[in-house]
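One structure is given below, encoded as C-alpha cells.
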Amino acid sequence: MEFLRSLNSGLADFSQIGKFLTVYPRSTAEALRLARMLHDATRGLPGPRIPFDARYRKGSSVYYRYGTFFPSPDGSPGFIRGPGGQRYRDKRAPSQAVPRWLDDPFQTSREKKRRWRGLITHELLAFKAKTQRGKGGVYEAIDLSVLPLRRVIIKEGRRHGETNWDGRDGYALAKHEGQVLRGARKAGLPVPEILREFNHDGNRYLVLERIEGRRLFAEKRSQPTKTSWRRARRILEQLGPLLSKLHRSGWVWRDCKPSHLFLYRGSLRLIDLEGSCRINERHVLPWGSPDYTPTSCFRRSRRLPGTREDDFALGVIAFQMMCGQFPPTGSPYRSDFYKRADCPKFVRDRIEKLLRD
Numbered sequence: 013m014e015f016l017r018s019l020n021s022g023l024a025d026f027s028q029i030g031k032f033l034t035v036y037p038r039s040t041a042e043a044l045r046l047a048r049m050l051h052d053a054t055r056g057l058p059g060p061r062i063p064f065d066a067r068y069r070k071g072s073s074v075y076y077r078y079g080t081f082f083p084s085p086d087g088s089p090g091f092i093r094g095p096g097g098q099r100y101r102d103k104r105a106p107s108q109a110v111p112r113w114l115d116d117p118f119q120t121s122r123e124k125k126r127r128w129r130g131l132i133t134h135e136l137l138a139f140k141a142k143t144q145r146g147k148g149g150v151y152e153a154i155d156l157s158v159l160p161l162r163r164v165i166i167k168e169g170r171r172h173g174e175t176n177w178d179g180r181d182g183y184a185l186a187k188h189e190g191q192v193l194r195g196a197r198k199a200g201l202p203v204p205e206i207l208r209e210f211n212h213d214g215n216r217y218l219v220l221e222r223i224e225g226r227r228l229f230a231e232k233r234s235q236p237t238k239t240s241w242r243r244a245r246r247i248l249e250q251l252g253p254l255l256s257k258l259h260r261s262g263w264v265w266r267d268c269k270p271s272h273l274f275l276y277r278g279s280l281r282l283i284d285l286e287g288s289c290r291i292n293e294r295h296v297l298p299w300g301s302p303d304y305t306p307t308s309c310f311r312r313s314r315r316l317p318g319t320r321e322d323d324f325a326l327g328v329i330a331f332q333m334m335c336g337q338f339p340p341t342g343s344p345y346r347s348d349f350y351k352r353a354d355c356p357k358f359v360r361d362r363i364e365k366l367l368r369d
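Sequential numbering from 13 applies to the sequence shown in my numbering.
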C-alpha cells in the first residue's frame with residue numbers, strides 16, 4: 013500500500029500515476045478483449061486519472077496508450093516506429109496517447125473533440141505548469157474574464173488524486189484550502205485572495221491572486237545566501253506575529269517553510285495552506301515537510317492540540333537565517349553554532365524554545 017501511495021503521488025514519475033496494473037498485449041485484438049474484460053471487472057470503482065493515457069470509456073478505470081514496452085538503456089522513454097519505419101520519440105504528454113498516424117482501435121467514432129490546449133474554462137487559459145503531482149497541479153494562467161487581462165494562479169485538486177488513509181483526496185484538499193484562505197483573509201493575514209472557486213471535469217479549482225515578490229530563499233536553494241543572527245531576529249519579528257495571528261483565528265499552518273514564504277517590499281506573504289487544521293483538532297494525519305516538522309508529529313497516531321508544528325518551523329527557519337544550516341537534534345549540539353554566529357542570548361533562548369520537541 014505504501015508503494016501504491018508513492019506511485020499515485022507522482023513525485024517519482026508523474027506519468028505513472030494510477031498505473032497499479034499494466035498489461036502489454038500481443039495484438040490489437042487481444043488489447044480490445046482485455047480492455048473490455050478489465051473495464052467490466054472494475055466498473056464503478058473509483059481511481060485517479062492517469063495523466064497522459066486515453067480513457068477507455070467515460071467513467072472507466074481502464075486507460076491505454078501506444079508506446080514502447082521497454083525504456084532505452086539510458087533510461088529515456090525510447091522510440092516507436094511509424095508506418096514507414098520512421099522513429100518517433102515515445103512522448104508522455106497531453107494528447108500523445110495515440111500517434112497521429114495510427115487509427116485508434118478503441119474509438120468507435122472517427123470524430124475527435126478539438127480543444128484548445130491550456131483552456132480550463134472559456135475564461136481561464138493556463139500557460140505554465142508550476143508543479144504537477146497526483147493530487148493536482150498548480151498553473152500560471154491568464155484570466156480572460158476581466159479587462160485588462162490579469163495573470164493568476166490556479167490550484168487544481170484532482171478527484172481521487174493521492175487519496176489518503178482518511179479518505180481525503182486532491183479535491184478535498186483544494187476545497188479545504190479555500191476555507192482556510194477565506195478565514196485567514198478575514199483575520200487580516202497576507203495570503204492570496206480567492207478570485208474564483210469552481211468544479212470542472214470532476215476536479216476542484218481555486219483561482220488565486222498571483223503573489224508578487226520572491227521566495228524567502230533563492231530558487232532551488234535549501235539555505236539562505238546571507239546569514240547572521242540579526243537576520244534570524246528579523247524573521248522571528250516578521251513571521252512570528254503572522255503565525256500568532258493565524259493561531260488566534262483558530263488555525264495551525266503545519267507547512268510553514270521558506271518555499272511557502274514570499275517577500276515583497278520588505279513584507280512577508282504566505283502561500284499553500286492546504287495542510288492547515290484547527291488548533292484543537294486531533295483526528296488528522298501528520299502533515300508537513302520533515303526538515304520543518306518535529307519528528308514526534310510523525311510518530312503519533314493522533315495529533316496533539318496546539319501550535320507545535322508552526323513553532324518548530326519558525327525555530328528552524330530562524331536557525332537557518334543565523335548560520336545557513338538545519339539545526340542539529342539536541343540543544344548541546346547547537347551551542348557551537350550560536351557561538352560562531354555571536355548570537356545574543358535573547359535570540360538564542362527564543363530559537364531554543366521554539367525548537368523544543
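Where is the CB? At the ideal position from N, CA and C, for every residue including glycine.
This one's a predicted model, so the numbers in the text were calculated from it and none came from an experiment.
- A contact is defined here as three or more CB-CB pairs under 8 Å, and the stretch 325 to 335 meets this definition with respect to the stretch 354 to 369.
- Note on residue 94: under 16 other CB atoms within 10 angstroms of its CB, so exposed under the neighbour-count rule.
- Nearest to residue 267 by C-alpha distance, out of 305, 15, 243, is 305.
- Under DSSP, residue 149 takes part in a beta bridge, and its partners are 144.
- Judged by their CB atoms, residue 324 and residue 367 are nearer to each other than the 8 Å cut-off.
- Proximity of the stretch 288 to 296 to the stretch 307 to 317 meets the contact definition, three or more beta-carbon pairs being nearer than 8 Å.
- CA-CA distance, residue 257 to residue 273, rounds to 16 Å.
- Rounded to the nearest angstrom, the Cβ distance from residue 60 to residue 30 is 4 Å, consistent with a contact under 8 Å.
- In this structure, residue 322 and residue 275 do not form a Cβ contact; the two beta carbons are roughly 19 Å apart against a cut-off of 8 Å.
- Here residue 358 is exposed. Its C-beta has fewer than 16 other C-beta atoms within 10 Å.
- Here residue 279 is exposed. Its C-beta has fewer than 16 other C-beta atoms within 10 Å.
- For residue 349, the uninterrupted alpha helix (DSSP H) run begins and ends at 343 to 352, by DSSP.
- Straight across, the Cα-Cα distance linking residue 226 with residue 281 is about 10 Å.
- Cβ-Cβ distances below 6 Å link residue 140 to 152 in the same chain, with the five nearest sequence neighbours on each side left out; the list follows chain order.
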